[in-house]
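Notes to accompany the following structure.
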Amino acid sequence: MNVLDLCFFNAIQRLQYQQTPNSLDALIEVVQKSFDEYLPTKLNYTFLTLQSCMISILKAKGSNKYKVPHMKKHRLERQNYLPRQLNVDPALIGEAITQ
């Protein structure tokens, strides 16, 4: 699973498209600036979404027929309950390994 596909790359690209670089060096500079401006809280949201998707895939036994879970991250953050990482049931990991 690629975290860039979830939203990180799209967000960086959206910031980069607001500029009009006319050389490779200018493009690299714009992408670097976009990366630097990307908020760490949004990156944390992205990685939490990645982790929740991976858990859903484990529950679906590797199938891509799952829904992206919604954690209400903004609400959890306001309440100071937003985790840095998600816990995975060891039994779920064991099932995935044995299949």
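Here the sequence shown stands for residues 21 to 119, where the numbers follow our numbering. Ideal Cβ positions, reconstructed from N, Cα and C, are used throughout, including at glycine.
Segment limits, alpha helix (DSSP H) that includes Asn30: For the purposes of this step, residue 30 is taken as residue 10 along the sequence shown, with counting starting at 1. Counting along the chain, the alpha helix (DSSP H) containing Asn30 begins and ends at 29 to 37.
Cβ-based burial, Thr118 [other Cβ within 10 Å; buried from 16]: As a working note, residue 118 is residue 98 in the sequence shown. Exposed, because fewer than 16 other Cβ atoms sit within 10 Å of the Cβ of Thr118.
Rounded Cβ spacing between Gln71 and Gln36 (contact assumed at less than 8 Å): In the sequence shown, residue 71 corresponds to position 51, counting from 1. In the sequence shown, residue 36 corresponds to position 16, counting from 1. Not really, about 26 Å apart at Cβ, beyond 8 Å.
Contact the region 108 to 117 vs the region 69 to 86: 3+ CB pairs below 8 Å: Three or more pairs of CB atoms, one per stretch, sit closer than 8 Å, so the region 108 to 117 contacts the region 69 to 86.
Rounded straight-line distance, which links the Cα of Phe28 to that of Glu49: Sequence index remark: in the sequence shown, residue 49 carries index 29 (1-based). Sequence index remark: in the sequence shown, residue 28 carries index 8 (1-based). The alpha-carbon atoms of Glu49 and Phe28 are separated by roughly 18 Å.
Whole-angstrom distance between Ser43 and Val107, CA atom to CA atom: Here residue 107 is taken as the residue at index 87 of the sequence shown, counted from 1. Here residue 43 is taken as the residue at index 23 of the sequence shown, counted from 1. The amino acid at residue 107 is misidentified as Val; the sequence shows Asn. Looking at the two C-alpha atoms, the distance is approximately 45 Å.
Asp45 - containing alpha helix (DSSP H), residue span: Looking up residue 45 in the sequence shown gives position 25. Segment 44 to 57, the alpha helix (DSSP H) holding Asp45.
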